[in-house]
Amino acid sequence: MKIYRAAAFAARIGVHKNTVKSWSRSGKLPDRRTPAGHRYYTEADVDRYFGVERAPESGRTVVYCRVSHRAQGDDLRSQQQAMETFCLGTGLAVDEWLTEIGSGLDFQR
Numbered sequence: 015m016k017i018y019r020a021a022a023f024a025a026r027i028g029v030h031k032n033t034v035k036s037w038s039r040s041g042k043l044p045d046r047r048t049p050a051g052h053r054y055y056t057e058a059d060v061d062r063y064f065g066v067e068r069a070p071e072s073g074r075t076v077v078y079c080r081v082s083h084r085a086q087g088d089d090l091r092s093q094q095q096a097m098e099t100f101c102l103g104t105g106l107a108v109d110e111w112l113t114e115i116g117s118g119l120d121f122q123r
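To convert, note that position 83 of the sequence shown is 97 in the numbering used here; the numbers rise steadily by one, no gaps.
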């Protein structure tokens, strides 16, 4: 599914980017956020804006990042940033972001 940042989405539907942000803040236009807090919208949002109905897509996209120790917190943030860049670059809309800190050999967790 194609995704758009706020400015690209605004251009796609023919309004100013500040209008899109205002609509998002007021709840008129639901948005999704990356882990860094950036708004993004999907092709389904474009369709909804124009009143186009399509069959729903099946499945969900979940991004999972993990490290084995708390001291690797910077590595975890780097993984998240790399995945965010990849997903935005490929137009992949993410439904859920999961992170984990824990050893793969710890069977007691």
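The beta carbon of each residue, even a glycine, is placed where N, CA and C say it ideally should be.
Check your understanding: Between the C-alpha atoms of residue 100 and residue 73, what's the straight-line distance to the nearest angstrom?
Key -> Position 86 of the sequence shown, counted from the first residue, corresponds to residue 100. Position 59 of the sequence shown, counted from the first residue, corresponds to residue 73. One C-alpha to the other measures close to 19 Å.
Review point. Considering only residues of the segment 59-90, which uninterrupted beta strand (DSSP E) runs meet the minimum length of 3 residues and lie entirely inside it, listed in chain order?
Key: Whole beta strand (DSSP E) segments, 3+ residues: 76-81.
Practice item. Check the C-beta distance from residue 111 over to residue 44 and give it rounded, since I have them as a contact under 8 Å. Key: Translated into positions along the sequence shown, residue 111 becomes position 97. Translated into positions along the sequence shown, residue 44 becomes position 30. A Cβ-Cβ distance of about 17 Å is found for the pair residue 111 and residue 44, leaving them out of contact under the 8 Å criterion.
Check your understanding: Straight-line CA distance for residue 108 to residue 75?
Key -> The residue labelled residue 108 in the question sits at position 94 within the sequence shown. The residue labelled residue 75 in the question sits at position 61 within the sequence shown. The alpha-carbon atoms of residue 108 and residue 75 are separated by roughly 5 Å.
Practice item. Give the straight-line distance between the Cα atoms of residue 21 and residue 116, rounded to the nearest whole angstrom. Key: Position 7 of the sequence shown holds residue 21. Position 102 of the sequence shown holds residue 116. Whole-angstrom Cα-Cα distance: 38 Å.
Review point. Which residues in the same chain as residue 33 place their Cβ atom closer than 7 Å to its Cβ, once the five residues preceding and following it in sequence are excluded?
Key: Counting from one through the sequence shown, the residue named residue 33 turns up at place 19. Within the same chain, residue 33 has close Cβ partners 24.
Review point. Do the CB positions of residue 90 and residue 77 come within less than 8 Å of each other?
Key: In the sequence shown, counting from the first residue as 1, residue 90 sits at position 76. In the sequence shown, counting from the first residue as 1, residue 77 sits at position 63. Not a contact, by the Cβ cut-off of 8 Å.
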